[in-house]
Amino acid sequence: MEYNESNFVYLKTTSIERYYDELVKAEYICEYCPKITKMIVRKVVEGILKNIGEKYSIESDVAVWELLNNIKLSSSFFLPDEIHDSIELVLVNGYEHACYHNKNKKISKHPIEILETIHDILCWYLKNIEPEKKLSIEDLSFRAPSTIEYQEKELNKINEEILLKDKQINNLRQKIIGLGDKWDNIREINETIIVIKEEKAELESIQLLLGQKFEEQKNKVVEVEKDYNIYIKKFEQLEESCIEIQELIFNTESRLVKAEIQTQELKALVKELEEQDENVKKIEQSLEDELKTVRHIYENLIKLSIKYQDCLETIEFSYDKKLNKILEGKISNLTMKISFEDRIFNENIMSYTKNIGDAKRKVRNFKELLNEKLNRELKYKLFYSGFLKLQSRELRIIYTISNNMSSLISKPKDLILKSGEDRFLEAINKNFNELKNISDYEIKLILYYKLIKLSKVSLGNIHNRKEVIHVLDSIVDKAYEILMNKKDFKGRLNKLDAINAYYLEKIILHLKNTGGNLQINDEITDKIYDNIIQAKQRPENMEKGKIHYDKFNLDTMSEEIFKSSIKAHVFDFLSIMVDLGTINHYREIASIIFEIEKLIIQKPTLKIHGEDILREDFSNEHYIIFSFLSSGATLLNHKQQEELLPLLVSAIVSVKVSSEDYEEDLEIYNALVDLWKHKQQIYNDIFIQKEDKENELEVLIKEKKQLENNCKDLLKSHDAACENYDDYKEEFKQIVMNSEKRILLQSYMEYEKMRIKKEVAENHLNEAKNKLGVFKRMLSPEVWMDQASKLINEANMMELEKSLIEEAKEKVYFKKDYEVFAKRKKKIQEVKELVDKEKEKIKNKDIEIDNLKIKLDEFQRQLNNMKNAYLDIEEGYF
């Protein structure tokens with residue numbers, strides 16, 4: 000058993016010996032008054048910093064954090080980073096409300112860890128500042144201080160061991176009395192008694208020292224506990240002062256944060272403006288300048304508060320009374336400066352709050368003016384409103400056409416032609432089920448990006464309504480451009496009229512090919528007649544109407560003959576009706592075509608999502624589906640997918656717009672932007688999670704690498720421990736064979752006889768070598784006998800050596816030497832356990848890495864899906 004006076008005993012006879020008693024007290028009370036232990040250690044650190052400052056002519060009549068910074072920046076002294084961090088750790092643990100903003104602020108350590116930290120700091124100090132103090136490795140080692148309870152148990156153990164030694168000595172003395180004249184045995188027992196007495200004396204010495212330390216620690220703990228309230232009261236007074244200044248900073252910071260949030264809100268409003276305005280820019284710049292001033296004042300307050308609190312802490316913890324007086328003067332000066340800066344901050348923040356409120360109102364008013372301007376500049380108002388007002392089944396049908404095109408056009412031509420409406424409706428119904436829990440806004444937003452992909456137009460900023468309008472206008476232009484390459488396409492000044500008319504003609508052609516000799520009733524005939532007559536009278540149709548009338552001689556016909564001609568050439572007159580019609584008359588024309596379709600197809604039901612859409616009245620959903628089936632889109636290949644765009648434009652334009660309510664359009668647009676922002680936030684959250692996981696993965700890989708290196712080092716240590724164990728076998732043998740105590744071993748006399756026989760045989764051989772020649776020696780029986788005797792004796796001696804070694808292991812007087820075996824074997828086992836633990840850690844680390852990679856793959860898949868659906872989702876990522 001070993002007695003350890005204190006971890007800081009090496010401070011004696013050094014220039015910092017004055018801290019020894021304080022640190023011993025800190026050790027004694029660390030488990031009973033942990034807060035006071037940390038306070039004592041902080042006081043010591045402040046004293047050490049003061050010593051360094053004075054020794055190296057560094058400004059040291061300052062507060063402790065400022066002093067630490069001065070030392071760190073000094074050109075005359077080098078402070079290692081690890082020691083700097085250790086000092087910070089002690090300072091912030093010495094006072095939990097420490098003012099300094101550093102990475103160690105929230106690292107709370109156990110008092111024993113703090114004691115070990117100050118131990119490391121002091122060892123560094125003595126090695127570098129006072130190198131004349133020679134410290135051995137033992138001096139530098141740190142052991143956890145013992146508690147009173149532990150020392151009491153240790154004392155009881157020592158008492159028991161001393162009693163046991165007394166009992167062993169008495170038993171051996173009784174044994175000697177019974178041995179009579181067996182002197183060899185008596186000598187062996189006396190040797191054992193001597194060894195036991197030495198061990199007992201050592202235990203009694205430790206008992207005395209440990210008893211003194213035990214009593215001293217008990218008294219010290221009682222003393223500190225008695226004065227605990229005095230320590231804590233001073234501590235609480237410091238805490239109150241520090242909390243007061245921290246609350247001031249917190250309130251200031253809170254108001255600044257609100258101002259920053261208002262600034263971001265203003266920037267968001269400005270970013271959403273469709274056009275930039277010089278006045279708005281000037282307002283932004285003016286507010287930014289105001290906010291910079293506010294930030295600067297806040298930063299000044301932070302610096303002053305840090306100095307203020309630093310002075311308060313240093314006064315509390317410093318041993319230097321002269322320094323405390325200097326710092327008290329600084330505190331008065333700092334208090335006035337803080338009060339002044341706080342007043343200036345309040346004035347500026349109030350002014351800023353008022354000005355930014357005014358700025359927001361101006362930006363909103365400007366935005367309203369821009370909205371009115373944009374509404375006047377819309378090229379294709381019907382397409383814009385139609386897209387925004389898409390909802391319910393119409394939206395889902397159009398989405399299905401755009402989304403399922405790949406699967407539809409991948410079918411063999413004959414299979415598609417055979418299945419017709421049924422196969423297409425099956426796809427629609429499937430999509431309806433998949434989309435039933437998805438909002439109209441979400442589907443519409445995805446459709447917006449699908450239209451952009453199909454048209455390959457420039458991607459605008461969805462936050463900017465002007466750019467969104469430009470994108471939608473460009474989609475219509477692109478759709479018109481695609482149809483311009485069609486031989487059967489008839490261009491018009493109004494591109495939407497032309498696109499819509501093209502697909503109405505496709506429906507008519509499909510019905511003509513299907514219907515054959517169609518007979519229509521008078522009601523349908525009257526509707527076609529009335530439509531053509533009204534259309535011809537519109538000014539824009541004067542020339543076109545004349546062409547059609549001349550072709551059929553309609554001007555000379557009576558109404559009765561005109562209607563008869565319609566019945567005879569129904570599909571020709573449907574085409575005339577389409578040619579003379581505009582997008583504004585689409586529903587009237589489409590409803591007539593719808594009635595004719597019912598006569599031809601003779602299909603009682605056409606269901607979408609369980610509901611019949613082929614009703615008596617006109618169904619726009621049915622029109623969209625029939626347009627798709629009649630358009631030839633099912634015959635497109637993958638390279639021709641862009642030709643689907645005009646059909647989608649036509650379908651969107653066909654949506655019934657109840658009124659040109661631009662306010663409603665704006666509300667829908669804003670809802671889409673809000674949804675996009677929500678999606679972007681989800682994307683950003685996933686992106687951040689992915690980055691965090693990537694950082695975690697990087698750390699895990701480094702940790703695994705470190706574990707592998709540790710494992711390699713441990714394996715080397717294990718091999719070295721095994722080698723040391725094997726080496727000690729020979730060393731122990733030499734100890735035993737060279738020890739005077741070997742004569743006490745039972746096999747020694749026999750071993751000695753064998754050794755003498757071996758020497759005699761060797762002497763005979765040497766004599767024969769000198770007297771006889773080589774040939775005669777080879778033939779001499781005596782030489783052969785001596786040679787054989789030598790070999791036999793050597794073999795017997797080796798066996799007896801083994802016996803001596805085994806006997807020595809059991810003897811008390813070789814106990815200390817033999818314990819080295821146990822220690823080295825224990826070392827091997829300990830290292831092996833560490834190796835096994837490291838291998839297990841590596842295995843677990845591999846599992847963590849694999850699981851993390853799976854999560855990363857999932858995050859990347861989610862990001863890719865979102866980027867594919869929302870093309871500009873990465874825009875504005877912070």
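Residues in the sequence shown are numbered from 0 upward in steps of one, following numbering that gives the first Met the number 0.
Glycine included, each C-beta is placed from N, C-alpha and C at the ideal position.
| Check | Outcome |
| --- | --- |
| Beta carbon proximity, Trp64 to chain D, threshold 8 angstroms | The structure shown has no chain D; it contains just one protein chain. |
| Contacts around Leu300, its chain only, beta-carbon distance under 8 angstroms, and the 5 residues preceding and following it disregarded | Leu247, Ile248, Thr251, Ile337, Glu340, Asp341 and Phe344 |
| Rounded separation between Ile408 and Leu644 - CA only | With a pLDDT of 49 at Ile408, under the threshold of 50, the modelled position of this residue cannot be trusted; read the value that follows with caution. Straight-line Cα distance between these residues: approximately 15 angstroms. |
| Distance between Val834 and Lys711 (C-alpha atoms, nearest Å) | 9 angstroms |
| Straight-line gap, Arg392 to Leu424 (C-alpha atoms, nearest Å) | 13 angstroms |
| Close beta carbons around Val293, own chain, < 8 angstroms, minus the five adjacent residues each side | Leu255, Ala258, Phe344, Asn347, Ile348 and Tyr351 |
| Exposed unless 16 or more other CB atoms sit within 10 angstroms - verdict on Met796 | buried |
| Ile700 classed as buried or exposed, judged by whether at least 16 other C-beta atoms fall within 10 angstroms | exposed |
| Other residues of its chain near Asn101: CB distance less than 7 angstroms, five sequence neighbours each side excluded | Reliability fails at Asn101, whose pLDDT of 45 lies under 50, so the model's placement of it is uncertain and the value that follows must be treated cautiously. Hits under 7 angstroms: Glu87. |
| Span separating the alpha-carbon of Phe774 from that of Asn737 | Since pLDDT at Phe774 reaches only 45, below the 50 mark, its modelled position is unreliable, and no value is offered. |
| Assigned exposure category for Trp675 - 16 Cβ within 10 Å defines buried | buried |
| Whole-number beta carbon distance between Ile841 and Lys715, since they are thought to touch under 8 angstroms | That belief does not hold up - the Cβ atoms of Lys715 and Ile841 are roughly 16 angstroms apart, past 8 angstroms. |
| The alpha helix (DSSP H) enclosing Asp886, as first and last residue numbers | Here the chain covers residues 0 to 877 and nothing more, so residue 886 does not appear. |
| Where Tyr682 falls: helix, strand or coil (DSSP) | helix |
| Within 8 angstroms, strictly: CB atoms of Lys866 and Glu873 | yes |
| Per-residue burial, Trp64 [other beta carbons within 10 Å of its own, 16 or more giving buried] | buried |
| Top-ranked residue by Cα proximity to Leu303, from Leu870, Ala62, Gln284 and Asp691 | Ala62 |
| Asp664 classed as buried or exposed, judged by whether at least 16 other C-beta atoms fall within 10 angstroms | buried |
| Straight-line gap, Lys199 to Arg142 (C-alpha atoms, nearest Å) | 25 angstroms |
| Glu224 versus Val40 - alpha carbon distance | 18 angstroms |
| Distance between Glu587 and Phe561 (C-alpha atoms, nearest Å) | 20 angstroms |
| Touch test, the segment 262-279 against the segment 315-332, Cβ-Cβ under 8 angstroms, three pairs minimum | no |
| First through last residue of the alpha helix (DSSP H) which encompasses Gly179 | Careful: Gly179 lies outside any alpha helix (DSSP H) and carries neither H nor E. |
| For Cys32 and Lys306, the rounded distance between their alpha carbons | 29 angstroms |
| Pair within 8 angstroms by beta-carbon distance, His906 and Phe7 | A query on residue 906 cannot be resolved here, the shown segment of the chain reaching from 0 to 877 and no further. |
| Three CB pairs or more closer than 8 angstroms across the segment 825-832 and the segment 719-726 | yes |
| For Val279, three-class secondary structure by DSSP | helix |
| Cα-Cα separation, Phe572 to Ile565 | 6 angstroms |
| Span separating the alpha-carbon of Leu492 from that of Asp684 | 48 angstroms |
| Three-state secondary structure assigned by DSSP to Leu851 | helix |
| Cβ neighbours of Lys54 in the same chain (closer than 8 angstroms, five flanking residues each side left out) | Ile128 |
| Buried versus exposed, by CB contacts within 10 Å (16 or more), Leu10 | buried |
| Residues of its chain near Tyr528, where Cβ-Cβ distance is below 8 angstroms and the 5 sequence neighbours each way are ignored | Glu558, Phe561, Lys562 and Ile565 |
| Whole-angstrom C-beta distance between Thr36 and Ile113, which should lie under 8 angstroms | 7 angstroms |
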